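Colleague: Chains as they are written, first to last, in the working numbering: chain L, 2 to 202; chain P, 2 to 202.
Where is the CB? At the ideal position from N, CA and C, for every residue including glycine.
All values derive from a computational prediction rather than experimental measurement.
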DNA sequence: CTGATACTAGAATATGAATTCAGATATGAG
DNA sequence: CTCATATCTGAATTCATATTCTAGTATCAG
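1) Report yes or no: is there a C-beta of chain P within less than 9 angstroms of the C-beta of residue 71 (chain L)?
2) Residue 81 (chain L) and residue 110 (chain P) - do their beta-carbons sit closer together than 9 angstroms?
3) Using only the alpha-carbon positions, how far apart do residue 96 (chain L) and residue 170 (chain P) sit?
4) Suppose the cutoff is 7 angstroms on Cβ atoms and the five residues either side in sequence are ignored; what does the same chain contact list for residue 148 (chain L) look like?
5) In chain P, which residues lie less than 9 angstroms from residue 189 (chain L) when you measure between Cβ atoms?
6) Looking at C-alpha atoms only, which residue of L:10, L:176, L:187 is the closest neighbour of residue 57 (chain L)?
7) At which residue ranges does the stretch 139-193 of chain P contain complete alpha helix (DSSP H) runs of 4 or more residues, listed in the order of the chain?
8) With burial defined as no fewer than 16 other Cβ atoms inside 10 Å of the residue's Cβ, what is the status of residue 154 (chain L): buried or exposed?
9) When the Cα atoms are used, what is the spatial distance from residue 200 (chain L) to residue 181 (chain P)?
10) Tell whether a beta-carbon distance below 9 angstroms holds between residue 44 (chain L) and residue 50 (chain L).
11) What residues in the stretch 3-29 of chain P bring their beta carbon closer than 8 angstroms to a beta carbon of chain L?
12) Between residue 38 (chain P) and the rest of its own chain, which residues show a CB-CB distance below 7 angstroms, the 5 nearest in sequence each way excluded?
13) For chain L, is any of its Cβ atoms less than 9 angstroms away from the one on residue 123 (chain P)?
14) May I have the straight-line CA-CA distance separating residue 91 (chain L) from residue 162 (chain P), to the nearest angstrom?
15) Which of the three DSSP states is assigned to residue 47 (chain P) in this structure?
16) May I ask you to verify whether the stretch 52-66 of chain L touches the stretch 110-123 of chain L, counting CB pairs closer than 8 angstroms and requiring at least 3?
17) For the alpha helix (DSSP H) containing residue 66 (chain L), list its first residue and its last residue.
18) Could you run through the stretch 169-181 of chain L and flag, in chain order, every residue whose CB is less than 8 angstroms away from some CB of chain P?
19) Alpha carbon to alpha carbon, what distance is there between residue 189 (chain P) and residue 87 (chain P)?
20) CB-CB under 6 angstroms to residue 89 (chain L), same chain, minus the five flanking residues each way: which ones, in chain order?
21) Contact criterion: CB-CB distance below 9 angstroms. Does residue 53 (chain P) meet it with respect to chain L?
22) What's the call for residue 150 (chain L), buried or exposed, on a 16-neighbour Cβ count within 10 Å?
23) Exposed or buried, residue 98 (chain P), counting other C-beta atoms within 10 Å across all chains shown (16 or more means buried)?
24) By the 10 Å Cβ neighbour count, where 16 or more other Cβ atoms means buried, how is residue 64 (chain L) classified, buried or exposed?
25) Taking the beta carbon of residue 196 (chain P) as the centre, do at least 16 other beta carbons fall within 10 Å, making it buried, or is it exposed?
26) Counting only Cβ-Cβ distances shorter than 8 angstroms, please list the residues of the stretch 86-108 of chain P near chain L, keeping chain order.
27) May I ask you to report which of helix, strand or coil DSSP gives residue 122 (chain P)?
28) Count the other CB atoms within 10 Å of the CB of residue 22 (chain P); is the residue buried (16 or more) or exposed (fewer)?
29) Comparing alpha-carbon positions, which option in P:152, P:6, P:2, P:84 lies nearest residue 47 (chain P)?
30) Hey, residue 61 (chain P) and residue 127 (chain P) are a contact pair by Cβ (cut 8 angstroms); roughly how many whole angstroms apart?
31) Is residue 4 (chain L) buried or exposed, if buried means 16 or more other CB atoms sit within 10 Å of its CB?
32) Give me the Cα-Cα distance between residue 152 (chain P) and residue 79 (chain P), rounded to the nearest whole angstrom.
33) Exposed or buried, what is residue 183 (chain L) when buried is set at 16 or more other beta-carbons lying within 10 Å of its beta-carbon?
34) With DSSP collapsed to three states, give me the class of residue 199 (chain L).
35) Using beta-carbon positions only, say whether residue 159 (chain L) and residue 133 (chain L) come within less than 9 angstroms of one another.
36) Would you say residue 84 (chain P) faces chain L, with C-beta separation under 9 angstroms as the test?
Shown next as structure tokens:
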């Protein structure tokens, strides 16, 4: 019943990702995506109602793919000072293995990609956000015995913002972060989480 | 000899900045800028050859304005562990005083703003880059006794990337960073610069 | 083999924003 | 007061892309 699809949704996402990695999100046109995949533009619109929806769903797939392994590591983190090492390393690992997706996630704000998130994807986006937020709260509780705004912010800073900061410059320049940066990030994240006299976030 | 100008270049830059802060760079059209200033679109083109040039020069003005006070602080940094405190604080100070410009600088890559930097501005951009690079090298020499790639990278990470990382999330959400983050950043930057057994960047 | 279906095709159209252009206006010099 | 000149205006034009549309094609059920 019906012709067999020549391209999968993921084919379109992958092609879009490559174009964005190469030319930047702003310069990524539907015609570019179609050409990258060797498909006509009409096919893109057969799958996706609009450019907006294509980008929104690609963004979602990317967030999901990053979060999946990351949440596992975050939940399994061992006790003590080294508790932050694995999550930080996980970010580096993921970036090395998925440079194009990392570029999408680290170098673009969702807002600049999709002005108004379509309804369907929007719901999933909220879910993903909540899941991550919950994981950080759990981590904060484990680590600091509380999960107020300040504690969660500090955890986010140490486990996400710091590795992102280390990586971003290099991704932007089109390369991967040098090995040494990983060690530095691990060490820095530990310091950010260490208890000391300083007032909390 | 000739009519007096009604708007200065800076008027246009400021208007552009406000539009970008409000709607994002991608959504910033020439018509928006003109409306924001209460000028007709033609006037924009009387001053700037293209949208590209307008954005390029705004970007430059912004980098220049950030660097000027920052370089002073960087050069005057005191000796010892606290050597990194002032530069980090300077970033926070500047962001609080210039939230719109900070948003431009922290939330957008130059490449996404201007695909191809026009020649004139391009030359100044290179100069600004070199100046900052030199300042970091000098800092690295003072601090580590060397200014190789790894040392400079580490300094950049501690003095720029870390405060940026702390601030970025909040700027994106449309607010300023909470006070506590400044202390955390200062502390974290110190750790990133501290000598220890770990291999360098 | 045949019709129904779900997709591929890419030319044609619509849309929105950048850019141009043909005056209109203000200012200073003489 | 008038000319020369620099600047301003905003409607008209051009351009780049998103989006739509009409046709063609492969696959499956019967």
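Modeller: This is what the structure gives:
1) Residue 71 (chain L) sits at position 70 when you count from the first residue of the first chain. It does not: the Cβ of residue 71 (chain L) has no partner Cβ on chain P nearer than 9 angstroms.
2) In the second chain, counting from the first residue as 1, residue 110 (chain P) sits at position 109. In the first chain, counting from the first residue as 1, residue 81 (chain L) sits at position 80. Result no, Cβ atoms of residue 110 (chain P) and residue 81 (chain L) do not sit closer than 9 angstroms.
3) Counted from its first residue, the first chain places residue 96 (chain L) at position 95. Counted from its first residue, the second chain places residue 170 (chain P) at position 169. Residue 96 (chain L) and residue 170 (chain P): Cα-Cα distance of roughly 20 angstroms.
4) Sequence index remark: in the first chain, residue 148 (chain L) carries index 147 (1-based). Around residue 148 (chain L), the same chain offers 138, 141, 142 as residues with beta carbons nearer than 7 angstroms, after the five sequence neighbours per side are excluded.
5) Position 188 of the first chain holds residue 189 (chain L). Ordered by position in chain P, the residues that pass the 9 angstroms Cβ test against residue 189 (chain L) are 158, 159, 163, 189, 190, 192, 193.
6) Within the first chain, residue 57 (chain L) is the residue found at index 56, counting from 1. It is L:10 whose Cα lies nearest to the Cα of residue 57 (chain L).
7) 150-157, 163-173
8) As a first step, residue 154 (chain L) is located in the first chain; it is residue number 153 there, counting from the start. So residue 154 (chain L) ends up on the buried side.
9) Within the first chain, residue 200 (chain L) is the residue found at index 199, counting from 1. Within the second chain, residue 181 (chain P) is the residue found at index 180, counting from 1. Low confidence applies here, because residue 200 (chain L) scores a pLDDT of 47, under 50, leaving its location unreliable; read the following figure in that light. Cα to Cα, the separation comes out at about 7 angstroms.
10) If you number the first chain from 1, residue 44 (chain L) lands on position 43. If you number the first chain from 1, residue 50 (chain L) lands on position 49. No, they are not a contact pair.
11) 25, 26, 27, 28
12) Here residue 38 (chain P) is taken as the residue at index 37 of the second chain, counted from 1. Counting only Cβ-Cβ distances below 7 angstroms, and skipping sequence neighbours, we find 8, 12, 13, 16.
13) For the purposes of this step, residue 123 (chain P) is taken as the residue at position 122 of the second chain. It does not: the Cβ of residue 123 (chain P) has no partner Cβ on chain L nearer than 9 angstroms.
14) Along the first chain, read from residue 1 onward, the residue named residue 91 (chain L) stands at position 90. Along the second chain, read from residue 1 onward, the residue named residue 162 (chain P) stands at position 161. Near 19 angstroms, if we compare the C-alpha coordinates of residue 162 (chain P) and residue 91 (chain L).
15) Here residue 47 (chain P) refers to the residue found at position 46 of the second chain. Helix at residue 47 (chain P).
16) Contact holds between the stretch 52-66 of chain L and the stretch 110-123 of chain L, because three or more Cβ pairs, one in each stretch, are under 8 angstroms apart.
17) Locating residue 66 (chain L) in the first chain gives position 65, where the first residue counts as 1. Per DSSP, residue 66 (chain L) belongs to the alpha helix (DSSP H) from 52-77.
18) 169, 170, 173, 179, 181
19) By one-based count along the second chain, residue 87 (chain P) stands at place 86. By one-based count along the second chain, residue 189 (chain P) stands at place 188. Taking the straight line joining both Cα atoms gives about 13 angstroms.
20) Position 88 of the first chain, counted from the start, is the residue given in the question as residue 89 (chain L). Closer than 6 angstroms at Cβ, skipping near neighbours: 164, 186, 187, 190.
21) Sequence index remark: in the second chain, residue 53 (chain P) carries index 52 (1-based). Residue 53 (chain P) is outside the set of residues whose beta carbon lies under 9 angstroms from a beta carbon in chain L.
22) In the first chain, residue 150 (chain L) corresponds to position 149, counting from 1. Of the residues assessed, residue 150 (chain L) falls on the exposed side of the cut-off, its CB having fewer than 16 other CB atoms within 10 angstroms.
23) Within the second chain, numbered from 1, the residue matching residue 98 (chain P) stands at position 97. Per the 10 Å Cβ criterion, exposed.
24) Position 63 of the first chain, counting from 1, holds the residue named residue 64 (chain L). It is buried - the Cβ of residue 64 (chain L) has at least 16 other Cβ atoms within 10 Å.
25) Here residue 196 (chain P) corresponds to residue number 195 of the second chain, with the count starting at 1. Under this definition residue 196 (chain P) is an exposed residue.
26) 108
27) By 1-based counting over the second chain, the position of residue 122 (chain P) is 121. In this structure, DSSP gives residue 122 (chain P) a helical state, which the three-state scheme calls helix.
28) In the second chain, residue 22 (chain P) corresponds to position 21, counting from 1. Buried, by the Cβ-count rule.
29) Residue 47 (chain P) sits at position 46 when you count from the first residue of the second chain. Of the candidates P:152, P:6, P:2, P:84, the one whose C-alpha sits nearest the C-alpha of residue 47 (chain P) is P:6.
30) Reading the second chain from its first residue, position 60 is the one you call residue 61 (chain P). Reading the second chain from its first residue, position 126 is the one you call residue 127 (chain P). Actually they are not in contact, since the Cβ atoms of residue 61 (chain P) and residue 127 (chain P) sit about 11 angstroms apart, beyond 8 angstroms.
31) Here residue 4 (chain L) refers to the residue found at position 3 when the first chain is read from its first residue. Per the 10 Å Cβ criterion, exposed.
32) Mapped onto the second chain, residue 152 (chain P) falls at position 151. Mapped onto the second chain, residue 79 (chain P) falls at position 78. Residue 152 (chain P) and residue 79 (chain P): Cα-Cα distance of roughly 19 angstroms.
33) Sequence index remark: in the first chain, residue 183 (chain L) carries index 182 (1-based). Burial call: buried.
34) Indexing the first chain from 1 puts residue 199 (chain L) at position 198. Reliability fails at residue 199 (chain L), whose pLDDT of 48 lies under 50, so the model's placement of it is uncertain and no value is given.
35) Within the first chain, numbered from 1, the residue matching residue 159 (chain L) stands at position 158. Within the first chain, numbered from 1, the residue matching residue 133 (chain L) stands at position 132. No, these two residues do not count as a Cβ contact at 9 angstroms.
36) Here residue 84 (chain P) is taken as the residue at index 83 of the second chain, counted from 1. Taking Cβ atoms only, chain L never reaches closer than 9 angstroms to residue 84 (chain P), which makes this a no.
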